[in-house]
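Structure first, commentary second.
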Amino acid sequence: MATIKDVAREAGVSVATVSRVINQSPKAGKSSIEAVTKAMKKLGYRPNATARALVSQSSNTVGVLVGDVSDPFFGTMVKAVDNVARQNGKHILIGHGYHNAQDERQALELLINNRCDALVVHAKGLSDEELCSYAQEVKGLVLINRHIEQIADRCISLDNFKGAYLATEFLIRHGHRHIACISSNHDIEDADARIQGYRAALLAHDIHLPETYIARGTPDSEGGEAAMTELLTKSVTMTGLVTYNDNMAAGVISVAQENGIPVPDKLSIVGFDDGLIARYLSPRLTTIRYPIEMMAEHAATLALQLAKDAPQPAGATMRFTPTVVRRDSVTRVG
């Protein structure tokens, strides 16, 4: 494999000159550019991306840390960041954290060591203190779906409490009073905030239900199936149900149908996220819209602005508001 020294020898110039040509330095003369380019083509030399980054202090990449890109939620997030990156002449590197502190830490270190120009970080396992430390180290780091007061101007988040409140209240306004809640079993603030929102909506309408009305599972269709099975096994009387996300709602609908419980005639369901699956379930799923695409685009734009010390626009939205998307999985009772 050809080296930079081989290119310099073939072109009849110094290694420093080759380096200037590779890094598009204005000090590189036209004749040097032509000679080096010709030599690189002849030898099949490809500049090392890491070496170029060390010289230019830029890798032309945007780092993205997600929970698991196989989840459609994170797939949408990554696609939105990639769109912004490409508009700015950059590409993305993706790290997976799986909501685990050690995995998130390793992925972040890898992205930082690859000298990403900016970082969009979805992290649930790392502590506030550690994320603040990373933010001090990387000026172009922006958190998404998390709010830390010390770095609030670099946090793009959603009001999860309000989202669950809206979901529960939507059922209450349709006459439901026996409303169960299926949540994620991950120890993250999203799950806590949504359970709090569910409870607050019940309390606001003078509805008091025991803890048996709350079940938890992995935030996917299998977890929804398991949590729904748990509620049925405990003989919980319910006419309405709010779920942590649309994938869990899909699992709930499957178990309900298997047990002869028609949706929405006997059980009304509200999901969360408004992912693609919500439009293709039967019945089509009423859900809470999580504007992750808009949030990710905003986070990527902000990260790139911070990376080049550009001023942030006044009045920029940092905390987004969820909304109800009405479809066919909720009916009125009473």
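Every letter in the sequence shown is one number past the one before it in UniProt numbering, and letter 172, counting from 1, is 172. Just so it is clear, CB atoms sit at the ideal spot from N, CA and C, and this is done for glycine as well. Since we're looking at a predicted model, the values are computed, not measured.
field: Nearest to Leu276 (by Cα), restricted to the options Pro291, Gly63, Arg105 and Arg146
entry: Pro291
- prompt: Under the rule that 16 or more other beta-carbon atoms within 10 Å means buried, what is Arg326, buried or exposed?
  reply: exposed
- request: With Arg194 as the anchor, note down where its beta strand (DSSP E) starts and where it stops.
  value: Premise fails: Arg194 lies in the alpha helix (DSSP H), Glu189 to Ala204, not in any beta strand (DSSP E).
Beta-carbon contacts of Glu225 that lie in its chain and below 7 Å, excluding the five residues immediately before and after: Gly251, Ser254 and Val255
query: In whole angstroms, what separates the C-alpha of Pro283 from that of Ala200?
result: 28 Å
- prompt: Just reading off the alpha helix (DSSP H) that Ile112 is part of, what are its end residues?
  reply: Counted as a single uninterrupted DSSP element, the alpha helix (DSSP H) harbouring Ile112 occupies residues Ala101 to Asn113.
task: Find the nearest neighbour of Asp103 within the set Arg86, Ala123 and Ile112, judged by alpha-carbon distance.
output: Ala123
task: Name the residue from Thr243, Gly89 and Arg105 whose alpha carbon lies nearest to the alpha carbon of residue 360.
output: The first residue shown for the chain is 1 and the last is 334, placing residue 360 beyond what the model contains.
message: Using CA atoms only, rank isn't needed, just tell me which of Asn160, Cys155, Gln196 and Gly271 is closest to Asn302.
response: Here the sequence assigns Leu to residue 302, which means Asn is not the residue at that position. Ranking Asn160, Cys155, Gln196 and Gly271 by Cα distance to Leu302 puts Cys155 first.
Reduced DSSP secondary structure (H/G/I, E/B, other) of Asp273: strand
query: Quick one, which of Ala215, Glu34, Gly223 and Ser31 has its alpha-carbon nearest Lys234's?
result: Among Ala215, Glu34, Gly223 and Ser31, the Cα nearest to that of Lys234 belongs to Ala215.
- request: Assign Val55 to one of three DSSP states: helix, strand, or coil.
  value: Summary for Val55: the model assigns pLDDT 46, below 50, so the residue's position carries little reliability; its value from the coordinates is reported in the next sentence. Residue state, collapsed to three classes: helix.
Three-state secondary structure assigned by DSSP to Ser25: coil
- prompt: Going by beta carbon distance, what residues of the same chain come within less than 8 Å of Leu306, once the five residues before and after it are set aside?
  reply: Ala118, Lys139, Gly140, Leu141, Val142, Arg154 and Gln312
task: Verify the contact flag: Ser329, CB atom, against every heavy atom of the ligand ZN, threshold strictly below 7 Å.
output: By its list of ligands, the structure shown contains no ligand whatsoever, and the ligand ZN lies outside what it can speak to.
query: When you compare only the Cα positions, how much space is there between Gly101 and Leu93?
result: Here residue 101 is Ala; the residue named in the question, Gly, does not match the sequence. Going by the C-alpha atoms only, they are around 19 Å apart.
message: Please classify Thr317 as buried or exposed, where buried requires at least 16 neighbouring CB atoms within 10 angstroms.
response: exposed
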